[in-house]
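So the sequence lines, in the order shown, correspond to chains S and F.
Just so we're aligned: 153 in the numbering used here is position 147 of the first sequence, and the numbers increase by one with no gaps anywhere.
Just so we're aligned: 127 in the numbering used here is position 87 of the second sequence, and the numbers increase by one with no gaps anywhere.
Don't be surprised by glycine CBs; every beta carbon is placed ideally from N, CA and C.
Here the structure comes first, spelled out in structure tokens, and everything after it is commentary.
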Amino acid sequence: MTAPAIFCQSLVKRYGDLVAVNAIDLEIRAGECFGLLGPNGAGKTTTVEMLEGLTEKDSGVVELFGIAWGTGQDRQIRQRVGVQLQDTQLADKLRVDEVFTLFRSFYPRGRTPDELVRLMELEADQKKYFSALSGGLKQRVALGCALAGDPELLFLDEPTTGLDPRARKLLWSVVEGFRSRGGTVLITTHYMEEATALCDRVAIMDRGKIIAQGSPRSLVDGLGLVQFVEFETTSPLDEQAFTTRGLVQAVERRGVRYRLRLDRSLSAMARVLDELARQAVTPVGLSAHQATLDDVFLALTGRALTTEPENGLVVPPPKAPAEAAP
Amino acid sequence: MTEPFSPHPLAELTKARLREFVREKGILFWVFAFPLLMAIGLGVAFRERPAEPPSVAVVGGEDVPAVRALLESKELHAKRFDKKQAMRALSRNKVDLVVEWRSNRAVMRYDAMAEGAPLARAVANDVLQRAAGRSDRLPVAARPEKRPGARYVDFLIPGLIGMNVMGTSMWGVGYNLVVARKRRLLRRYAVTPMRRSHFLFSYFISRSTFLVVELAVLIAFGWIMFGTKVQGSIPGVFSVALLGAAAFAAISLIIGARVENTESANGWMNFVQLPMWVLSGGFFSYERFPELLHEPIRWLPLTALCDALRVVYSGEAAFRTLGHEVIVLGAWSVAGFLIAARTFRWQ
């Protein structure tokens, strides 16, 4: 059996009194896309940087392809790994194709700058200075650099944070293309939607620990076969009527916005709509959706993961400890 | 068949360093324009002028031949005044001496405190006596000479080269590393299989390349503007400059090894460079400082660099005969590199 692409056991990192990473175990098989999810400050970046051999671990085991860091084979490991760090500013006055050539030169094999330019759809910008690029284009260049050595394993630390949906989709398609060639990916993100779209398995981190692990589907199903109905209304809702009659499992309210949790079936939905009609409530912006990883996080921690009102309740940002910087 | 694409990391890193350098206009200004402007400013302010002859106001004695001789003499600058004007000119320091012909003798009036007065008196007296028939008994031949390499600009240009080498080496290596660390670029390189030695060596190559250009520009400029020439060997000058660049690069590496933000890097750069701007004799000889300080000043790298550049530039000594300066620069280089190698952090 071949060694897992990434293996870590009882991985610990402390910064003073803060335990940034608290005894984490991970095993990521070759060819897998694994997502590390969690809010800012959960310890995702610290974990990834220990796996990358960039940050010293305090204790525990880290092996990439069955090889531990610091055993005289670091260079061999690095030749097989591509990395996109969070906010790296590459040299301002180098052109995009020059940056690719530079990074390509570090690896024994890899893709030509032309291939990378085409792959990242940077044809129109390849002669521009890095400093002249927009944030989204800079992220593409960073991902191109990570792919320059044709790696077997790709680390992506929040690659799409702050990107517009179109740019995000492009990055997703590049990651999918990389996987179709047999590559392994470890991606951190706080977009649950991104994890669902890309990852075979995810681990949810909170305060330095992994609080859930599995495929996105199994984690969601772990909540039970539920769905959510959301709407706004200014007329008073008889919440009791919903729960006592067994129409819903829970009612959450924030201001004028309601969120009902009910069984995942059309008949359950129909009964809820009937009850709304009976109470003569006009729901505004009514939507129904199945549980997401956001709901999993909410159920596990009692806190919302994202601060964006995408498809859940509008909640204040979680009071997470600031991401510890090494 | 196309060649397999396999760029060499050292070549690419060096090219990247060179490109960043020439594409940054601010850096180009500080490296090339600034020292040239300094050279122009200082060279013009302290340019050599032939000594002005003493100026003399002559009053009276219109038909006296000796007085006429005074007015015609090339050894001084004599002009007729009336008494009142002459005394006013003297009190305002416009003339060094007033010679008044009064009852068959010359009366010399002068400011007893003025520096130029004794010379003016001696020259005027000579002219008057010779015109009156005095003959000199001892033949004296005057042979005015113009020695190349003895002017202030000859002292200044090697000093400016030394200071330029210090500045570009320190900013180009140490400060550049701090910027790269702040931008998290060093971390990015650290997760690639790039060899650390390639990275540091690329700095060495790009610095040396630009050193050659910098030196060529400054030497050519001194020659065109002020006629200063390398009397000694040009390879010797380059060797000294290279050794100096190594010393300052090493010192700046200590700063670049750890400092994380550009503000404190700025502070450290100036903390190291400013004392040497003052003490090391870039603009003016450190001999003017009290004797007690000379020995410590001679151990500063910029002093060693400027001293060595001057003697090699003027041809007083060859590079291989330099002792003290080479030891000083070598010691700073080795010590700096060793300390930096022990303390260097990629993140």
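List the endpoints of the continuous alpha helix (DSSP H) containing Cys346 of chain F.
As a first step, residue 346 of chain F must be located in the second sequence, where it is residue number 306. Pro341 to Ser354 is the extent of the alpha helix (DSSP H) around Cys346 of chain F.
Lys19 of chain S in three-state terms, based on DSSP
Taking the first sequence and counting its residues from 1, the one referred to as residue 19 of chain S is at position 13. Residue state, collapsed to three classes: strand.
Report the CB separation of Met198 of chain S from Thr298 of chain S in whole angstroms; it is logged as a contact under 8 angstroms.
Start at 1 with the first residue of the first sequence, and residue 198 of chain S comes out as number 192. Start at 1 with the first residue of the first sequence, and residue 298 of chain S comes out as number 292. About 6 angstroms separates the Cβ atoms of Met198 of chain S and Thr298 of chain S, confirming a contact at the 8 angstroms cut-off.
Rounded straight-line distance, which links the Cα of Gln82 of chain S to that of Asp98 of chain S
Reading the first sequence from its first residue, position 92 is the one you call residue 98 of chain S. Reading the first sequence from its first residue, position 76 is the one you call residue 82 of chain S. Between the alpha carbons of Asp98 of chain S and Gln82 of chain S lies a distance of about 29 angstroms.
Asp363 of chain F versus Pro275 of chain F - alpha carbon distance:
Taking the second sequence and counting its residues from 1, the one referred to as residue 363 of chain F is at position 323. Taking the second sequence and counting its residues from 1, the one referred to as residue 275 of chain F is at position 235. Sequence inspection shows Gly at residue 363 of chain F; the Asp mentioned does not correspond to that position. Spanning the two alpha carbons is a distance of roughly 17 angstroms.
Report the neighbours of Glu158 of chain S on chain F: residues whose CB is nearer than 7 angstroms to its CB, in chain order.
One-based indexing of the first sequence puts residue 158 of chain S at position 152. Neighbours of Glu158 of chain S on chain F: none; closest Cβ ~13 angstroms, over 7 angstroms.
Nonlocal neighbours in the same chain, by C-beta distance under 6 angstroms from Pro332 of chain S, ignoring five residues either side
Along the first sequence, read from residue 1 onward, the residue named residue 332 of chain S stands at position 326. For Pro332 of chain S, the predicted structure reports a pLDDT of 40, less than 50, and the residue's modelled location is therefore unreliable. A value from the coordinates is still provided. The residues are Thr61.
Gly252 of chain S, DSSP secondary structure in three states:
Counted from its first residue, the first sequence places residue 252 of chain S at position 246. Per DSSP, reduced to three states, the secondary structure at Gly252 of chain S is coil, with no helix or strand assignment.
So Leu53 of chain F contacts chain S; which residues on that side make the cut at Cβ distance below 8 angstroms?
Indexing the second sequence from 1 puts residue 53 of chain F at position 13. For the C-beta of Leu53 of chain F, the chain S residues within less than 8 angstroms are, from N- to C-terminus, Leu108 and Ser111.
If distances are taken between C-alpha atoms only, which option among F:Pro49, F:Leu58, F:Leu50 and F:Leu53 comes closest to Leu251 of chain F?
Position 211 of the second sequence, counting from 1, holds the residue named residue 251 of chain F. Residue F:Leu58 is the option with its Cα nearest to Leu251 of chain F.
Do the segment 56–73 of chain S and the segment 229–238 of chain S make contact, defined as three or more Cβ pairs closer than 8 angstroms?
The segment 56–73 of chain S, when compared against the segment 229–238 of chain S, does not touch it at the 8 angstroms Cβ threshold.
Does the separation of the CB atoms of Leu153 of chain S and Trp178 of chain S fall below 8 angstroms?
Residue 153 of chain S sits at position 147 when you count from the first residue of the first sequence. Residue 178 of chain S sits at position 172 when you count from the first residue of the first sequence. Taking 8 angstroms as the cut-off, the Cβ atoms of Leu153 of chain S and Trp178 of chain S do not count as close.
For the candidate residues F:Leu77, F:Ala172, F:Lys123 and F:Ile80, whose alpha-carbon lies nearest to that of Met148 of chain F?
Within the second sequence, numbered from 1, the residue matching residue 148 of chain F stands at position 108. Among F:Leu77, F:Ala172, F:Lys123 and F:Ile80, the Cα nearest to that of Met148 of chain F is on F:Lys123.
Residues that DSSP places opposite Arg193 of chain S in a beta bridge:
Mapped onto the first sequence, residue 193 of chain S falls at position 187. Contrary to the premise, residue 193 of chain S reads as Ile rather than Arg in this sequence. DSSP output for Ile193 of chain S lists S:Gly41 and S:Leu162 as bridge partner(s).
Mind listing which residues of the segment 57–70 of chain S have their C-beta closer than 9 angstroms to chain F's C-betas, in chain order?
Of all residues in the segment 57–70 of chain S, only Glu58, Gly59, Leu60 and Thr61 place a beta-carbon less than 9 angstroms from a beta-carbon of chain F.
Is it right to say Ala162 of chain F is buried, meaning 16 or more other beta carbons lie within 10 angstroms of its own, or is it exposed?
The residue labelled residue 162 of chain F in the question sits at position 122 within the second sequence. Burial call: exposed.
Within 10 angstroms of its Cβ, does Ser273 of chain S collect 16 or more other Cβ (buried), or is it exposed?
As a working note, residue 273 of chain S is residue 267 in the first sequence. The residue in question, Ser273 of chain S, is exposed, as its Cβ has fewer than 16 Cβ neighbours within 10 Å.
Three-pair Cβ contact test at 8 angstroms for the segment 35–54 of chain S versus the segment 102–113 of chain S
No, because fewer than three Cβ pairs between the segment 35–54 of chain S and the segment 102–113 of chain S fall closer than 8 angstroms, the two stretches do not touch.
8 angstroms Cβ shell around Pro49 of chain F - same chain, five flanking residues per side excluded:
The sequence position of residue 49 of chain F within the second sequence is 9, counting from 1. Excluding positions up to five away in sequence, the list reads Met234, Arg235 and His238.
Rounded straight-line distance, which links the Cα of Glu58 of chain S to that of Ile73 of chain S:
Here residue 73 of chain S refers to the residue found at position 67 of the first sequence. Here residue 58 of chain S refers to the residue found at position 52 of the first sequence. About 12 angstroms.
With a CB to CB cut of under 6 angstroms and the five nearest residues on each side skipped, what residues in its chain are close to Gly214 of chain S?
Working through the first sequence from its first residue, we reach residue 214 of chain S at position 208. Sequence-distant partners of Gly214 of chain S (beyond 5 residues in either direction) whose C-beta falls short of 6 angstroms from its own C-beta, in its chain, are Val25, Ala26, Val27, Asn28 and Gly49.
Would Leu149 of chain S count as contacting chain F if we go by Cβ distances under 8 angstroms?
In the first sequence, residue 149 of chain S corresponds to position 143, counting from 1. Look at Leu149 of chain S: its C-beta is not under 8 angstroms from any C-beta on chain F.
Kindly indicate which three-state DSSP category Asn144 of chain F falls into: helix, strand or coil?
The residue you call residue 144 of chain F lines up with position 104 of the second sequence. Of the three classes helix, strand and coil, the one that applies to Asn144 of chain F here is coil, per DSSP.
Determine, using beta-carbon pairs with one atom in the segment 66–80 of chain F and one in the segment 254–273 of chain F, whether at least three such pairs fall under 8 angstroms.
Three or more Cβ pairs drawn from the segment 66–80 of chain F and the segment 254–273 of chain F lie within less than 8 angstroms of each other, which places the two stretches in contact.
Residue-chain proximity (His117 of chain F, chain S), Cβ-Cβ < 8 angstroms
For the purposes of this step, residue 117 of chain F is identified with residue 77 of the second sequence, where counting begins at 1. Among the residues facing chain S, His117 of chain F is not included, as its CB has no counterpart in that chain under 8 angstroms away.
Alpha carbon to alpha carbon, how far is Val84 of chain F from Ala91 of chain F? Give it in angstroms, no decimals.
Translated into positions along the second sequence, residue 91 of chain F becomes position 51. Translated into positions along the second sequence, residue 84 of chain F becomes position 44. Ala91 of chain F and Val84 of chain F: Cα-Cα distance of roughly 16 angstroms.
Check this for me: beta carbons of Leu293 of chain F and Met203 of chain F, under 8 angstroms apart or not?
By 1-based counting over the second sequence, the position of residue 293 of chain F is 253. By 1-based counting over the second sequence, the position of residue 203 of chain F is 163. The answer is no: Cβ separation not under 8 angstroms.
Bounding residues of the beta strand (DSSP E) (the contiguous stretch that carries Gly296 of chain F)
The count along the second sequence starts at 1 and reaches residue 296 of chain F at position 256. According to the DSSP assignment, Gly296 of chain F belongs to no beta strand (DSSP E) but to the alpha helix (DSSP H) extending over Ile274 to Arg298.
Where Phe65 of chain S falls: helix, strand or coil (DSSP)
Here residue 65 of chain S refers to the residue found at position 59 of the first sequence. It is worth fixing the name first, because residue 65 of chain S is Ser in this sequence and not Phe. Here DSSP, grouped into helix, strand and coil, assigns Ser65 of chain S to strand.
Would Thr208 of chain F and Val96 of chain F be called neighbours here (beta carbons separated by less than 8 angstroms)?
Taking the first residue of the second sequence as position 1, residue 208 of chain F is located at position 168. Taking the first residue of the second sequence as position 1, residue 96 of chain F is located at position 56. No, the Cβ-Cβ distance between Thr208 of chain F and Val96 of chain F is not below 8 angstroms.
Spell out the partners DSSP gives Phe244 of chain F in its beta bridges.
Start at 1 with the first residue of the second sequence, and residue 244 of chain F comes out as number 204. Note: Phe244 of chain F sits in no beta bridge, so no partner.
As assigned by DSSP and simplified to three states, the class of Glu115 of chain F
Position 75 of the second sequence holds residue 115 of chain F. Coil, per DSSP.
Gly220 of chain S - partner residues in DSSP beta bridges
Taking the first residue of the first sequence as position 1, residue 220 of chain S is located at position 214. In DSSP, Gly220 of chain S forms a bridge with S:Val208.
Helix, strand or coil at Leu70 of chain S according to DSSP, with G and I counted as helix
Counting from 1 along the first sequence, the entry for residue 70 of chain S is found at position 64. Looking at Leu70 of chain S - three-state DSSP - the assignment turns out to be strand.
Starting from the Cα of Tyr229 of chain F, find the closest Cα among S:Leu125, S:Ala148, S:Glu38 and S:Val180 and give me that residue.
On the second sequence, residue 229 of chain F is found 189 positions in, with the first residue counted as 1. When each option's Cα is compared against that of Tyr229 of chain F, the closest is S:Ala148.
When you compare only the Cα positions, how much space is there between Pro315 of chain F and Pro330 of chain F?
As a position in the second sequence, residue 315 of chain F is number 275, starting the count at 1. As a position in the second sequence, residue 330 of chain F is number 290, starting the count at 1. Cα to Cα, the separation comes out at about 16 angstroms.
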